[in-house]
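Number of protein chains: 2
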Amino acid sequence: MSQVFERVAFLGIGLIGSSLARAIKRAGLAKQIVTFDGNADHAAQAKALGVVEETARNAAEAVAGADLVVFAVPIGAYADLAAEIGPHLAPGAIVSDVGSVKMAVIRDLGPHIPEGVYLVPAHPIAGTEKSGPESGFADLFEGRWAIVTPPPGTDEAAVQRIVDLWRAVGSEVEIMEPGHHDRVLAITSHLPHLIAYTIVGTATDLEGTLQQEVIKFSASGFRDFTRIAASDPTMWRDVFLNNREAVLDVLQRFTEDLTALQRAIRWGEGEQLFDLFTRTRAIRRSIIDAKQA
Amino acid sequence: MSQVFERVAFLGIGLIGSSLARAIKRAGLAKQIVTFDGNADHAAQAKALGVVEETARNAAEAVAGADLVVFAVPIGAYADLAAEIGPHLAPGAIVSDVGSVKMAVIRDLGPHIPEGVYLVPAHPIAGTEKSGPESGFADLFEGRWAIVTPPPGTDEAAVQRIVDLWRAVGSEVEIMEPGHHDRVLAITSHLPHLIAYTIVGTATDLEGTLQQEVIKFSASGFRDFTRIAASDPTMWRDVFLNNREAVLDVLQRFTEDLTALQRAIRWGEGEQLFDLFTRTRAIRRSIIDAKQA
Numbered sequence: 054m055s056q057v058f059e060r061v062a063f064l065g066i067g068l069i070g071s072s073l074a075r076a077i078k079r080a081g082l083a084k085q086i087v088t089f090d091g092n093a094d095h096a097a098q099a100k101a102l103g104v105v106e107e108t109a110r111n112a113a114e115a116v117a118g119a120d121l122v123v124f125a126v127p128i129g130a131y132a133d134l135a136a137e138i139g140p141h142l143a144p145g146a147i148v149s150d151v152g153s154v155k156m157a158v159i160r161d162l163g164p165h166i167p168e169g170v171y172l173v174p175a176h177p178i179a180g181t182e183k184s185g186p187e188s189g190f191a192d193l194f195e196g197r198w199a200i201v202t203p204p205p206g207t208d209e210a211a212v213q214r215i216v217d218l219w220r221a222v223g224s225e226v227e228i229m230e231p232g233h234h235d236r237v238l239a240i241t242s243h244l245p246h247l248i249a250y251t252i253v254g255t256a257t258d259l260e261g262t263l264q265q266e267v268i269k270f271s272a273s274g275f276r277d278f279t280r281i282a283a284s285d286p287t288m289w290r291d292v293f294l295n296n297r298e299a300v301l302d303v304l305q306r307f308t309e310d311l312t313a314l315q316r317a318i319r320w321g322e323g324e325q326l327f328d329l330f331t332r333t334r335a336i337r338r339s340i341i342d343a344k345q346a
Numbered sequence: 054m055s056q057v058f059e060r061v062a063f064l065g066i067g068l069i070g071s072s073l074a075r076a077i078k079r080a081g082l083a084k085q086i087v088t089f090d091g092n093a094d095h096a097a098q099a100k101a102l103g104v105v106e107e108t109a110r111n112a113a114e115a116v117a118g119a120d121l122v123v124f125a126v127p128i129g130a131y132a133d134l135a136a137e138i139g140p141h142l143a144p145g146a147i148v149s150d151v152g153s154v155k156m157a158v159i160r161d162l163g164p165h166i167p168e169g170v171y172l173v174p175a176h177p178i179a180g181t182e183k184s185g186p187e188s189g190f191a192d193l194f195e196g197r198w199a200i201v202t203p204p205p206g207t208d209e210a211a212v213q214r215i216v217d218l219w220r221a222v223g224s225e226v227e228i229m230e231p232g233h234h235d236r237v238l239a240i241t242s243h244l245p246h247l248i249a250y251t252i253v254g255t256a257t258d259l260e261g262t263l264q265q266e267v268i269k270f271s272a273s274g275f276r277d278f279t280r281i282a283a284s285d286p287t288m289w290r291d292v293f294l295n296n297r298e299a300v301l302d303v304l305q306r307f308t309e310d311l312t313a314l315q316r317a318i319r320w321g322e323g324e325q326l327f328d329l330f331t332r333t334r335a336i337r338r339s340i341i342d343a344k345q346a
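Structure representation (structure tokens):
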């Protein structure tokens, strides 16, 4: 059973923040939920929707007296916010987040966390292509993975409270070394998003009539990419800027593989195509077996 | 109202062939449906499932007396089958197909179609990642596009019968010049499949433990690609080998765009990333507005 937090402060209350706030409220995991969002409309909406009880005028006010602080803004905004809240964090508080990159989070938050406050970053593998507090929902994390990435030596009780929190909102929890998280996610998430953005971008550069036809006949494969490529631009810009090494590494592998396929098509090497297409089918089978389909 | 066919011969009775046969039967568009499939198990299954009334011992026997012949095998098998059935086609018959590439279909079938028989290729924009006659279903084409690509000068009444047929099974029909079809589909379908196959292939080359984690956390984007990359290997090999020019052309554009993004990530050019990610979001909106989402 998860211990109840007195006051949870959300810095940012968009899709993920508002979903987690809803889930925490529904599960009775907090006595009070407060938010500060640089977008005042989002904060006001969250309050109007009953997602939070209170909106703060600034981040420092939000975290004052909070025993849990959750960063739920794009990663590029972490460092400034952390500098602002650092002196106002309550002793014994836990600082966590929901960002898609973890090494950069520790780099940006770590120096601002005072002695006696615990940094326990986390990343729920959940989301939709929508944005904003009105898009959130309490079920978002049910049956999904949450990866918790404490820096080495983090207080075990603090880690356990974050693990308990994610379990209480329905997630399965995996504890992972932050750098390893960034390499795994570069493959499963960052590269797929980059590729989807690129292919949809290539299509937007087509002349007008052809572009209309691409939209009309998008159900033949293209459509699946547009959903991914509709994700929040600020969030994704920050992901790529903050997981550069791992993304460039896996992108290099991908480009090599694509070049080999291009060559196989040019020279009519059907067997090479067939072999790859057969191997990839087996991976789908594994995902279905792992109940992730 | 669609005119009823006396005898419809399916050459190949996999996912698409069996779905169309089911839809034709349900709509009462044929007095008799017969199939020949080089995979005797598929033919027997289709008969056992009641999808066809009769299985022929060879393609020539299947098309004898048929007033509609539908090629529903991978494109690489068209030429040999066409040479075999050419002398057995009934006068006035229509030869059509469901292939994903259209110039190559006209190239491979055209020379074998005798005077007085009409070639009207078609391509339903519908499918799943599954294969085989047991995967087919009569609703597959409902509300989906069917593109009809008659060669220049094709008998108008024959074209109209194929248009009527697709409308009768629930599709919206677009008539398109075959070469134009191949360019549009290279973007909307062939490139997305190639990219999906590549990225899933890149992941299969990872060392064992990392690969297991990719499967475990696939819901973060990768999963959507694995569905596409689970499509029929033979069919897709033949698509790439038979739409080479258009695929290589659009792949070249994609690679240039990807290289530009790679450079933007390497040099931390956030504005360029943000601009692209904002443009691609608008395309998703267009697809939703076009009711193709």
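For the record, the sequence lines run as chains A and B.
Just so we're aligned, residue 54 is where the first sequence starts under our numbering, counting upward by one.
Just so we're aligned, residue 54 is where the second sequence starts under our numbering, counting upward by one.
Where a beta carbon is used, it is the ideal one built from N, C-alpha and C, also for glycine.
What is the rounded straight-line gap between the Cα of residue i and the Cα of residue j?
i, j, result
"A221(B)", "I128(B)", "25 Å"
"T333(B)", "I268(A)", "12 Å"
"P204(B)", "E324(B)", "47 Å"
"Y171(B)", "S224(B)", "22 Å"
"A283(B)", "I252(A)", "19 Å"
"D342(A)", "F194(A)", "20 Å"
"G180(A)", "E227(B)", "36 Å"
"V173(B)", "V201(B)", "7 Å"
"G103(B)", "I178(B)", "25 Å"
"L247(A)", "A119(A)", "37 Å"
"D258(B)", "A299(B)", "28 Å"
"A117(B)", "T241(B)", "37 Å"
"A210(A)", "P164(A)", "21 Å"
"A272(B)", "T262(A)", "34 Å"
"R338(B)", "I69(B)", "30 Å"
"D94(B)", "T108(B)", "11 Å"
"L311(B)", "N296(A)", "17 Å"
Hey, does residue i have any beta-carbon neighbour from chain A nearer than 9 Å?
i, result
"D310(B)", "yes"
"I69(B)", "no"
"L134(B)", "no"
"G254(B)", "yes"
"I281(B)", "yes"
"L73(B)", "no"
"W219(B)", "no"
"D291(B)", "yes"
"I268(B)", "yes"
"G189(B)", "no"
"D235(B)", "no"
"Y171(B)", "no"
"I128(B)", "no"
Would you please verify whether the beta carbon of residue i is less than 9 Å from any beta carbon of chain B?
i, result
"F278(A)", "yes"
"P245(A)", "yes"
"P286(A)", "yes"
"E195(A)", "no"
"T108(A)", "no"
"G323(A)", "yes"
"E168(A)", "no"
"F89(A)", "no"
"T331(A)", "yes"
"V300(A)", "yes"
"T202(A)", "no"
"S224(A)", "no"
"S242(A)", "yes"
Does residue i have its Cβ less than 9 Å from a Cβ in chain E?
i, result
"E230(A)", "The structure shown contains no chain E; the protein chains it does contain are A and B."
Output yes or no for whether 9 Å exceeds the beta carbon distance between residue i and residue j.
i, j, result
"P144(A)", "A113(A)", "no"
"A239(A)", "D302(A)", "yes"
"D328(A)", "A130(A)", "no"
"S153(B)", "H243(B)", "yes"
"A132(B)", "F63(B)", "no"
"P167(B)", "L134(B)", "no"
"L294(A)", "L162(B)", "no"
"V122(B)", "A146(B)", "yes"
"P231(A)", "F330(B)", "no"
"S149(A)", "G67(A)", "no"
Quiz item: Whole alpha helix (DSSP H) runs in the region 225-264 of chain A with 4 or more residues, listed along the chain?
Solution: 231-238 and 244-257
Quiz item: Looking at C-beta atoms only, is the number of pairs between the region 207-217 of chain A and the region 273-287 of chain B that lie closer than 8 Å three or more?
Solution: no
Quiz prompt | Inter-stretch contact (C-beta, 8 Å, three-pair minimum) for the region 186-194 of chain B and the region 72-84 of chain B | solution = yes
Quiz item: Counting pairs of Cβ atoms below 8 Å between the region 77-86 of chain B and the region 310-329 of chain A, do you hit three or more?
Solution: no
Exercise. Ignoring anything shorter than 4 residues or poking outside the region 82-153 of chain B, list the alpha helix (DSSP H) runs there in chain order.
Key: 93-101, 112-116 and 131-138
Exercise. Quick one: which unbroken alpha helix (DSSP H) runs of 4-plus residues sit fully inside the region 260-304 of chain A? Chain order, please.
Key: 261-269, 275-281 and 286-295
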